[in-house]
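Structure first, then comments.
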């Protein structure tokens, strides 16, 4: 079982150029880079979600926080 | 009456990277449909537009409709984000157009590989006469490795393998319920694979390990967000004293059996 901390730790080790690359795609209309994901995972609280990407990231963050 | 063993495949793939991945990695569905000898009509890339979709469904009269594309709770879109199906006005999240295009799905089984359509659109399709619907109530997402082409991307392929399984099992003559179960089993197999991979590849690069970790998490989200709406179960009239009252008065509408991947 992976935790949010473990994922953050791994993402922080990814070289900057690679972190700029896409890491997630979704059929709500978007792509998320490693850098965007890392920033999102570091946010302490859930914020207002409007786009499909926001909703998705919020879901993922909550899921990881529960582990 | 829709024709048996006839399928229309809607596969946009040009608008953005997500659709390009989806187009490339759902190709096994087309290959399998042709291999088993179904009557296949594919609307791909620029052909995946509203005019072609509506006219083809009317002309070909398939009993199976497979659609890939971007979506939200109440709308499914084809190439260039063109709206194709949406919830009728009056539904929660209803689209502003006066017609929802859902009547063309009457008697047909629909599978949408698209984000969130399982929240409202799927049930609206079944309410409008579709014989069943399988889709997702979550933002259907997958992990990518941009250093390789989509067809070489083992992370992305893992996700599409799961969803493709549903159609491939249907083509093999399985019922939608069994096909759904097999698809969920495939998600579980893929999750197990990436968990094992992480244990065995402790010396892999952070780039790979972060992706493998995400595969586990996202496959679980996709699996748990899979929904399947089965046939409409018509409520029976209710007798009260000497009166026989329409069941709709009590049931509030048609009942749809729902199964989720969770």
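Chains as they are written, first to last, in my numbering: chain A, 1 to 67; chain B, 1001 to 1262. Just so you know, even glycine gets a beta-carbon here, dropped at the ideal spot from N, CA and C. Quick caveat: nothing in here was measured; it's all calculated off a predicted structure.
Please list, in chain order, the chain A residues whose beta carbon lies closer than 9 Å to that of residue i.
i	result
residue 1111/B	By Cβ distance, chain A contributes nothing, its closest Cβ being about 13 Å from residue 1111/B, past 9 Å.
residue 1221/B	56, 59, 60, 63
residue 1017/B	22, 25, 31
residue 1172/B	Correct list: empty, because the minimum Cβ distance to chain A is about 25 Å.
residue 1072/B	28, 29, 52
residue 1143/B	23, 24, 25
For residue i, which of helix, strand or coil comes out of DSSP?
i	result
residue 1253/B	With a pLDDT of 39 at residue 1253/B, under the threshold of 50, the modelled position of that residue is not reliable, and the figure given next carries that caveat. It is coil, neither helix nor strand.
residue 59/A	helix
residue 1067/B	strand
residue 1165/B	helix
residue 1053/B	helix
residue 13/A	coil
residue 25/A	strand
residue 1148/B	coil
residue 1003/B	strand
residue 1036/B	coil
residue 53/A	helix
residue 1199/B	helix
residue 1141/B	strand
residue 1154/B	helix
residue 1215/B	helix
residue 1048/B	coil
residue 1103/B	helix
residue 1192/B	helix
residue 1089/B	coil
residue 1184/B	helix
residue 1120/B	coil
residue 1014/B	coil
residue 1204/B	coil
residue 43/A	coil
residue 1179/B	helix
Inspect the beta-carbon positions of residue i and residue j and report whether they are closer than 8 Å.
i	j	result
residue 1107/B	residue 1135/B	no
residue 52/A	residue 34/A	no
residue 1073/B	residue 1035/B	no
residue 1104/B	residue 1058/B	yes
residue 1328/B	residue 1003/B	This structure cannot settle anything about residue 1328/B, because the visible part of chain B is limited to 1001 through 1262.
residue 39/A	residue 61/A	no
residue 64/A	residue 7/A	yes
residue 1229/B	residue 1122/B	yes
residue 1010/B	residue 1069/B	yes
residue 1116/B	residue 1139/B	yes
residue 976/B	residue 1132/B	Nothing can be reported for residue 976/B: it is not among the residues displayed for chain B, which extend from 1001 to 1262.
residue 1025/B	residue 1160/B	yes
residue 1190/B	residue 1170/B	no
residue 13/A	residue 22/A	no
residue 1224/B	residue 1173/B	no
residue 1005/B	residue 1039/B	yes
residue 1153/B	residue 1187/B	no
residue 1111/B	residue 1054/B	no
Determine the chain A residues that contact residue i at a beta-carbon separation under 7 Å, and present them in chain order.
i	result
residue 1086/B	Within chain A, no residue comes near residue 1086/B; the closest Cβ sits about 15 Å away, beyond 7 Å.
residue 1146/B	21, 22
residue 1066/B	The premise fails here: residue 1066/B is roughly 14 Å from chain A at the closest Cβ pair, so nothing lies under 7 Å.
residue 1161/B	By Cβ distance, chain A contributes nothing, its closest Cβ being about 15 Å from residue 1161/B, past 7 Å.
residue 1075/B	Neighbours of residue 1075/B on chain A: none; closest Cβ ~11 Å, over 7 Å.
residue 1227/B	By Cβ distance, chain A contributes nothing, its closest Cβ being about 15 Å from residue 1227/B, past 7 Å.
So which residues of chain B does residue i contact, with C-beta pairs closer than 9 Å?
i	result
residue 7/A	1210, 1213, 1214, 1217
Among all the DSSP beta bridges, which residues are the ones paired with residue i?
i	result
residue 1042/B	1009/B
residue 1226/B	1136/B
residue 1077/B	1083/B
residue 1109/B	1064/B, 1132/B
residue 1262/B	DSSP output for residue 1262/B lists no bridge partner at all.
residue 32/A	24/A
Check the Cβ of residue i against every Cβ in chain B and list those closer than 8 Å, keeping chain order.
i	result
residue 10/A	1206, 1209, 1210, 1213
Quick one: which chain B residues come within Cβ less than 7 Å of residue i?
i	result
residue 66/A	Here the premise fails: no neighbours, minimum Cβ distance about 11 Å.
residue 18/A	1207
residue 13/A	1206
Name the chain A residues that come within less than 8 Å of residue i, Cβ to Cβ?
i	result
residue 1116/B	28, 52
residue 1197/B	Neighbours of residue 1197/B on chain A: none; closest Cβ ~12 Å, over 8 Å.
Problem set entry | Inter-stretch contact (C-beta, 8 Å, three-pair minimum) for the stretch 1180-1193 of chain B and the stretch 1041-1051 of chain B | no
Problem set entry | the stretch 1077-1088 of chain B / the stretch 1021-1031 of chain B touching (three or more Cβ pairs under 8 Å) | no
Exercise. Three or more beta-carbon pairs under 8 Å between the stretch 1125-1143 of chain B and the stretch 1195-1203 of chain B, yes or no?
Worked result: no
For this session: Select from the stretch 1006-1037 of chain B all residues with a C-beta closer than 7 Å to any C-beta belonging to chain E, and list them in chain order.
Result: In summary, chain E is missing from the structure at hand, where the protein chains are A and B.
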